[in-house]
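Visitor:
Protein chains in written order, with the working numbering: chain A, 1 to 418; chain B, 419 to 836.
1) Could you tell me the boundaries of the alpha helix (DSSP H) in which residue 741(B) lies?
2) In the DSSP assignment, what are the bridge partners of residue 638(B)?
3) Check residue 587(B) in the structure and name its three-state DSSP category.
4) For the stretch 777-793 of chain B, which residues have a CB atom closer than 7 Å to at least one CB atom of chain A, in sequence order?
5) Is DSSP giving residue 764(B) helix, strand or coil here?
6) Excluding the 5 residues flanking residue 212(A) on each side, which residues of the same chain have their C-beta closer than 6 Å to its C-beta?
7) So who's on the other strand from residue 594(B), going by DSSP bridges?
8) How about residue 643(B) and residue 418(A): do their beta carbons lie closer than 9 Å?
9) If you draw a straight line from the alpha carbon of residue 694(B) to that of residue 827(B), how long is it in whole angstroms?
10) I want to verify the contact list: residues of chain A whose CB lies under 8 Å from the CB of residue 558(B), in sequence order.
11) From which residue to which residue does the beta strand (DSSP E) around residue 371(A) run?
12) Have a look at 474(B), 604(B), 464(B) and flag the residue whose alpha-carbon is nearest the alpha-carbon of residue 52(A).
13) Residue 696(B) CB to nearest chain A CB: under 9 Å?
14) Name the DSSP beta bridge partners of residue 797(B), please?
15) Under the assumption that residue 692(B) contacts residue 665(B) (Cβ atoms under 8 Å), give the Cβ distance between them as a whole number of angstroms.
16) Per DSSP, what are the beta-bridge partners of residue 93(A) in this structure?
17) Using a Cβ-Cβ distance under 9 Å, would residue 36(A) count as near chain B?
18) Note down, in chain order, each residue of its chain lying with its Cβ closer than 6 Å to the Cβ of residue 511(B), except the 5 sequence neighbours on either side.
19) Nearest-angstrom Cα distance between residue 647(B) and residue 175(A)?
20) I need the boundaries of the beta strand (DSSP E) containing residue 56(A), first residue and last residue.
21) Using CA coordinates, which residue listed in 767(B), 686(B), 529(B), 755(B) is at the minimum distance from residue 595(B)?
22) Along chain B, in chain order, which residues have C-beta atoms closer than 9 Å to that of residue 172(A)?
23) Under DSSP, the alpha helix (DSSP H) around residue 775(B) begins and ends at which residues?
24) Mind checking which residues open and close the alpha helix (DSSP H) that includes residue 469(A)?
25) Excluding five sequence neighbours on each side, which residues of the same chain lie with their C-beta closer than 7 Å to the C-beta of residue 41(A)?
26) Taking 9 Å as the cut-off, decide whether the C-beta atoms of residue 567(B) and residue 541(B) are in contact.
27) How about residue 349(A): is its C-beta nearer than 9 Å to some C-beta of chain B?
28) Using a Cβ-Cβ cutoff of 8 Å, what residues of the stretch 625-655 of chain B are near chain A? List them in chain order.
29) Of all the options 734(B), 534(B), 561(B), 777(B), which has the alpha carbon lying nearest to the alpha carbon of residue 823(B)?
30) I'd like to check one pair, residue 16(A) with residue 382(A): are the Cβ atoms closer than 9 Å?
31) Below 8 Å on the Cβ atoms is my contact criterion, and I expect residue 163(A) with residue 114(A) to pass it. Report the Cβ-Cβ distance as a whole number of Å.
32) For residue 488(B), count neighbouring Cβ atoms within 10 angstroms of its own Cβ and tell me buried if that reaches 16, exposed if not.
33) Going along the chain, which residues of the stretch 474-485 of chain B sit with their C-beta nearer than 8 Å to a C-beta in chain A?
34) Exposed or buried, which one is residue 480(B) when buried takes at least 16 other CB atoms within 10 Å?
35) Can you tell me whether residue 499(B) is buried or exposed, with buried defined as 16 or more other CB within 10 angstroms of its CB?
36) First and last residue of the alpha helix (DSSP H) that includes residue 711(B)?
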């Protein structure tokens, strides 16, 4: 693995390599930020043009029926389902992860309080993605629940008969560490607690089996590994045993049983459709559909197991090569070393220069990103990355570290969005 | 007004006529449904292509800074502001009308309860758009408030010292009737009650002066008269005296004071930015911006006053001509006859055939729509409609009514979306 030919050979025998041609690859760039914003599928601008010119431009309002706009949220949900182990008509695409989390956590709290009125504890992890914590704080304040944040290693210890709801992100956004969904869900259920899984960094990245794990609720975004475009709509899944038990609170007309009856009283639709709220962006939904279709095509190449297997190899090679080539420059591994515990991401830390090193690396055409505090993140997306990208990226990282340019003001001045 | 030449002459002297060339006009169609889904501006697909190919495709994650994606919600809010009489940085574009209504009604309830803990009454109108009522029902259940629905004419009578929050849609979606925002707001304030205005059928249709009326809260959509595209994002406005008084409950990371500090605790941004929640669709936002820019251009042609003046003439002519040409066919006027009380819409009823008549009319190339119960709606959008469209539309309506085809099963079978 100490020469480029080794990586060229891996590319030559990579069964997923044909899928790279489905994407618009950014010029002169090794893009290791698909865990933040996925690359555009080539079908996406074609679909966008069709929606704009034909469906909106020519057909206008008739497209709600003619182009079946009205069923986009459910149709897309069913295209995400095989990626997350959901059954038919159990997933719907709408709104943002934050909003969908509000819906499911609200529902979970109501169910938990029916089961055990005295339980007040919602637990999450200290380094969970902040928006999850912010939404949980809002609902805890509303319902007199207490939010306890613990270290990731301490999750086991808080699963007991005090726990009402456990809210975890399946793959940590900073480290790429994976929680054991089956084990944690089972442990929580043994204490009759509910579990919500945020799949933002799992969906399209690693195999997920919501039904197999008997999870209670899940949400996730589509603009990272699912390549749906900047701010593309999110998804929500609710276990069939819960979905009709509680009316989620964001009761917009699209979640009504008969929206076009224009009834005065809210009557939720049966099933996951009741998690819809207002009128969704048809353009954003349609573009996302073209991205999800790439994953349907990927099923012919081994699907999520094959995708994750390649990601494990990519990340393992990156770690090994970076530790060898960049030894002595102060980098440390933040992600789990065990590939079974690591999703499609490698995070490194640097005691003084993480932000500036990333900026200098981006200037050399290798795009990773920075997360507070002091983390360099590199996402590995098997649909469009090559093994040679690992080699080339590490060589660029080494060249940045060997130089002094990253210490200049040019690279240390923080931008609005990091 | 009894011959086409009269309308041709009005078109010839119409000061707004140059703006028609800003739009992609659907082929062989007179489109009278801009109150449901506005026509596509020609700039919209060009902007969409730029976002897709350059900002997402080539520049990817860098576009959050480079293309200033991060400030789209506030920038677009400031482009809507002059259309609704809002001050600088008081409006933000995000989410859907339903979601924004949830935010502002939640805030209004908290403020009302601080002022008068005993007041429990939220009032709205029976024929308000259902999503507003559904959201109000959800929040009333959560906060032990009571929702009272009254006839539009009875609003005056319920404004008293029992009233906590009045929730009204400024222009009724079925009839096009306008409430007197200044008078009602002032009357409610005299009793120390709060007023929320839904501007879905006002924004881009009639002049609105939120600041002049000292309104408390407002929400609205952008896909009707603002032509933002199917399901384009909504807007929310909060009076500066209220905006920092309450934290709205949908506390996603985009509403945080410092989202990229990734702090554990939610700290709302100052001002209306705190009404943001999750990551918005950049594509949907960008396309909307190109639509709002047409309204900026329209300011050079007299702006909203000129637009509404033309709408009043269009709707008045339609009513007069339809009543003359289609007399004896059972149509009745649902909209107010007084043009000062009517927005850019004419609604008619028919005792037995409203739905089928609209379908038959659509088949002849005149697109209106149907709303329960028994209403034919016709929207008049001065930016792209001509006076001759009024003449031609009425002639087609007359031809449908004179025939028997509308009585066939072809036109009476209801579609999913009406």
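Note that CB positions come from ideal geometry on N, CA and C, so glycine has one too.
Guide: Taking the coordinates as given:
1) 721-743
2) 653(B)
3) strand
4) 785, 787, 789, 790
5) strand
6) 85
7) Bridge partners of residue 594(B): none, in fact.
8) no
9) 47 Å
10) Result: empty, since nearest Cβ-Cβ is about 11 Å, beyond 8 Å.
11) 369-371
12) 464(B)
13) yes
14) 763(B)
15) 7 Å
16) 235(A)
17) yes
18) 491, 494, 495, 651, 653
19) 39 Å
20) No beta strand (DSSP E) holds residue 56(A); DSSP gives it neither H nor E.
21) 755(B)
22) By Cβ distance, chain B contributes nothing, its closest Cβ being about 12 Å from residue 172(A), past 9 Å.
23) 772-781
24) Outside the displayed range of chain A (1 to 418) lies residue 469(A), so it cannot be described from this structure.
25) 22, 23, 227, 290, 291, 294
26) yes
27) no
28) 639, 641, 647, 648, 649, 650, 651, 652
29) 777(B)
30) yes
31) Actually they are not in contact, since the Cβ atoms of residue 163(A) and residue 114(A) sit about 15 Å apart, beyond 8 Å.
32) buried
33) 474, 475, 476, 477, 478, 479, 480, 481, 482, 483
34) buried
35) buried
36) 700-716
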